[in-house]
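S.K.: Encoded as structure tokens, here's the structure I'll be asking about.
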Amino acid sequence: MTEFSLFMTIVWTGLTIIFYYFVLRKRRFIRKFGGVCLLVLYLACVLRLLVPLELPFLRIVEFKGWMAEAYAVIFLDERAFLGFTFTIAKNLIGIWVCGTGLSAAAWIFRYTRALKKVNLSKGCEVVKDEAVMGKVRQAYKRKVKVKILRCPAISVPMGIGLVKKKILLPMSRYGDKESYYILLHEYTHFINRDIWIKMFLQIFCCIYWWNPCVYLLQKEMDQALEIKCDLTVTKAMNKEGKISYLNTIISVLKKTTEGKGISTDIPMTTLFERDREVPVKERFEVVMDTCVYPKYSRGRQIVLTICLCLGIFSSYTFQFQPVFQPPEKELPKEMEMTGENTYLIDCGTYFMIADEISKTEPTIVTEKWIVEDMIEQGFKVIKEGEYYDQKEEN
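For the sequence shown, UniProt numbering gives the first residue as 1, with consecutive numbering after it.
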């Protein structure tokens, strides 16, 4: 991977995140395409981040002027400090890596602390909850093993666990209908694998900790998953059933005890988030919306998925590279370049000129006509790896 492919990875991943953010804000998208396309969009972000390829048919798009000069200052100009040479880009990458490590370590600490708090709360099982859970399981063909616990350390019903799944309920008293809707909501999150999505998104936030768009995306994703869950739960309900479901949310909201609750740093799903009235209001409006939004057929979903994949693939077909004159000090003066003392180094997406007379480093050449002309005149072309092997031997 070269600095050019890294630069393109950062740009395209950032654009994909912004696109994903605005897609999630369109609630009709969730209604029409469902959760599969949400997952595909998310995987597109991850794919572009983790796979910075340089394909053989990569097309170079050259840019000049101040952009090329800025690129040279950041990526090429070396500086010395305390005997070490570095570029601005290498420093930024170092800060990025260190920040990712610190962000991940801080999140793991909060995650384990929250789990410890749950384990120390000594949750207990209630026979009545298990009976209601039996009715909930009948709503879906696919079954998920879930343990129901009453936990004194929380004030809001929540689902936790990637492998050992648990639904935690406060010590408050709920009616049979309230318990049914609460457990149905949390069980639906497990059916949809929403906790896995939240976990992967948290990892994404640790990697792109410096990008504010990631945190906006995380916020919108949480709301989108809740809306998707609400729509799944209420899709077969009539108006009275929807009102009863929403009344359950209001009832639980009233019973919420301020100052109690497990940290939201743990990947979990909740019936609602405390101190966030606007998202709850939006969920009510979406559930009670009487407009008909026909869900697109499986064929249209497949077409959209293919288009997204093609969009990601197209981002690998071209790459921006700067065009600028190399510094005069790097070009040997009063020297005739011939095929005997000068050769080209093939670096994949660009070439460098090296000679055996001057002691300077090879010079990057971005003008294609220079490379083509030198090859026609018989100048030797070697691979980048071969050049560095010869350099080590000498």
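Glycine included, each C-beta is placed from N, C-alpha and C at the ideal position.
Give the range of the alpha helix (DSSP H) segment to which L184 is assigned.
M.R.: Taken as a continuous stretch (DSSP letters only), the alpha helix (DSSP H) holding L184 covers D176 to I191.
S.K.: Is the stretch 188-198 touching the stretch 86-95, taking contact as three or more C-beta pairs under 8 Å?
M.R.: Taking 8 Å as the limit for Cβ pairs, the verdict is that the stretch 86-95 does not touch the stretch 188-198.
S.K.: Would DSSP call I154 helix, strand or coil?
M.R.: In the structure shown, I154 sits in coil (DSSP, three-state: anything other than H, G, I, E or B).
S.K.: Taking the C-alpha atoms as reference points, what is the distance between F75 and A68?
M.R.: Rounded to whole angstroms, F75 to A68 spans 10 Å at the Cα level.
S.K.: Measure the Cβ-Cβ separation of L63 and V323 and say whether it is below 9 Å.
M.R.: The question names Leu, but residue 63 in the sequence shown is Phe. Closer than 9 Å, so yes.
S.K.: On the three-state DSSP scale, how would you describe P279?
M.R.: Helix, per DSSP.
S.K.: With a 10 Å radius around its C-beta and 16 neighbouring C-beta atoms as the bar for buried, classify G198 as buried or exposed.
M.R.: The identity of residue 198 in the sequence shown is Lys, whereas the question assumes Gly. Answer is buried; the Cβ neighbour count reaches 16.
S.K.: Is the Cβ-Cβ distance between M227 and R283 less than 9 Å?
M.R.: Going by the sequence as given, residue 227 is Ile instead of Met. Cβ atoms of I227 and R283: closer than 9 Å.
S.K.: What separation, rounded to the nearest whole angstrom, lies between the Cα atoms of L216 and Q377?
M.R.: Distance between the alpha carbons of L216 and Q377 is about 56 Å.
S.K.: May I have the straight-line CA-CA distance separating C205 from V214, to the nearest angstrom?
M.R.: Computed Cα separation, rounded: 6 Å.
S.K.: With DSSP run on the structure shown, which of helix, strand or coil describes F19?
M.R.: Looking at F19 - three-state DSSP - the assignment turns out to be helix.
S.K.: How many angstroms separate the CA atom of I139 from the CA atom of C309?
M.R.: Contrary to the premise, residue 139 reads as Ala rather than Ile in this sequence. About 34 Å.
S.K.: For the beta strand (DSSP E) containing I364, name the first residue and the last one.
M.R.: T363 to V365 is the extent of the beta strand (DSSP E) around I364.
S.K.: What whole-angstrom Cβ distance do T317 and L115 have, given they're in contact under 8 Å?
M.R.: With 8 Å as the limit, T317 and L115 do not qualify as a contact, their Cβ atoms being about 45 Å apart.
S.K.: Note down the Cα distance separating P362 from I345, rounded to an integer number of angstroms.
M.R.: P362 and I345: Cα-Cα distance of roughly 8 Å.
S.K.: Would you list the residues sitting across from R79 in a DSSP beta bridge?
M.R.: Partner(s): F86.
S.K.: Restricting to Cα atoms, I'd like to know which of K145, W96 and A80 is closest to I10.
M.R.: The residue with the shortest Cα to Cα distance from I10 is W96.
S.K.: Could you please give the first and the last residue of the uninterrupted alpha helix (DSSP H) stretch that includes V252?
M.R.: Per DSSP, V252 belongs to the alpha helix (DSSP H) from K239 to K255.
S.K.: What separation, rounded to the nearest whole angstrom, lies between the Cα atoms of L231 and E367?
M.R.: Cα to Cα, L231 sits roughly 56 Å from E367.
S.K.: Does DSSP put Q377 in a helix, a strand or coil?
M.R.: Note: Q377 maps to coil in three-state DSSP.
S.K.: So, under 8 Å CB-CB, I160 and E125 are touching, yes? Tell me the CB distance rounded to an integer number of Å.
M.R.: Not confirmed; about 16 Å, so no contact.
S.K.: Taking the straight line between their C-alpha atoms, what separation do you get for G83 and I93?
M.R.: Cα to Cα, G83 sits roughly 20 Å from I93.
S.K.: Out of T248, V233 and L201, point me to the one whose CA is closest to G175's CA.
M.R.: Cα-wise, what sits closest to G175 is T248.
S.K.: For the beta strand (DSSP E) containing K166, name the first residue and the last one.
M.R.: Where K166 is concerned, the enclosing beta strand (DSSP E) stretches over K166 to L169.
S.K.: By the 10 Å Cβ neighbour count, where 16 or more other Cβ atoms means buried, how is K166 classified, buried or exposed?
M.R.: Buried, because 16 or more other Cβ atoms sit within 10 Å of the Cβ of K166.
S.K.: How close, in whole Å, do the beta carbons of S251 and E178 come, if the pair is a contact with beta carbons under 8 Å?
M.R.: With 8 Å as the limit, S251 and E178 qualify as a contact, their Cβ atoms being about 6 Å apart.
S.K.: How many Å lie between T234 and M288 at the Cα?
M.R.: Their Cα atoms are separated by approximately 10 Å.
S.K.: Is the beta carbon of W209 less than 9 Å from the beta carbon of G99?
M.R.: Contact: yes.
S.K.: Quick one: what does DSSP say F200 is sitting in, helix, strand or coil?
M.R.: Of the three classes helix, strand and coil, the one that applies to F200 here is helix, per DSSP.
S.K.: What does a CB cutoff of less than 7 Å around A104 pick up in its chain, not counting 5 residues either side in sequence?
M.R.: Once the five neighbours on either side are set aside, the close Cβ partners of A104 are C206.
S.K.: Between V23, T16, F7 and M8, which has its C-alpha nearest A224's C-alpha?
M.R.: Closest option to A224, Cα to Cα, is V23.
S.K.: Grab the span of the beta strand (DSSP E) containing P322 for me, first residue to last.
M.R.: Run containing P322: F318 to P322, per the beta strand (DSSP E) assignment.
S.K.: If we ignore side chains and look at the alpha-carbon of each, how far apart do K141 and Y245 end up?
M.R.: Answer to the nearest angstrom: the Cα atoms are 21 Å apart.
S.K.: In chain order, what residues of the same chain have a beta carbon less than 8 Å from the beta carbon of C229, not counting five sequence neighbours either side?
M.R.: Excluding sequence neighbours, C229 sits near H185, T188, H189, N192, D194 and T269.
S.K.: Here's the rule I'm using: 16 or more other beta-carbon atoms within 10 Å means buried, otherwise exposed. How should I370 be labelled?
M.R.: Label assigned to I370: exposed.
S.K.: How should Q390 be labelled, buried or exposed, when 16 other C-beta atoms within 10 angstroms of its C-beta is the threshold for buried?
M.R.: Its Cβ having fewer than 16 others within 10 Å, Q390 is exposed.
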